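Numbering (our numbering), first residue to last: 376 to 461.
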């Protein structure tokens, strides 16, 4: 064994489940997941990237004492209407 990767398995499992459930309900989760899959990431790599993004969003909410807003959280990933028409 060259390296040992230590992590909290319960936390990892919770974030993995959160990311998987967000694929169906969150407006920005599916496009981010699909982007990673298109970049040749495996399912678990794409889920981990999505989970990391969700944890970052949660961290921002806790740090700034704001309520979570799905549309505000994923607004930077939405394309402008003029880009869609072109």
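Here a beta-carbon is modelled for each residue, glycine too, at the ideal position from N, C-alpha and C. For clarity, every value in this text was computed on a predicted model and none was experimentally measured.
Backbone CA spacing between residue i and residue j [nearest angstrom]
i	j	result
residue 461	residue 425	Residue confidence is low: residue 461 scores 47 on pLDDT, short of 50, so the model does not pin down where it sits. Its coordinate-derived value is still stated next. Between residue 461 and residue 425, the C-alpha separation is close to 28 Å.
residue 386	residue 429	13 Å
residue 399	residue 408	11 Å
residue 423	residue 381	16 Å
residue 389	residue 434	16 Å
residue 383	residue 395	18 Å
residue 432	residue 392	16 Å
Assigned secondary structure, residue i (DSSP; H/G/I helix, E/B strand, else coil)
i	result
residue 393	helix
residue 427	helix
residue 402	coil
residue 443	coil
Cβ-based neighbour list, residue i, same chain, cut-off 7 Å, excluding 5 preceding and 5 following
i	result
residue 421	408, 411 and 412
Query - Three or more C-beta pairs below 8 Å linking the region 412-424 and the region 442-449 - result: By the Cβ test, the region 412-424 is not in contact with the region 442-449, since fewer than three Cβ pairs between them sit closer than 8 Å.
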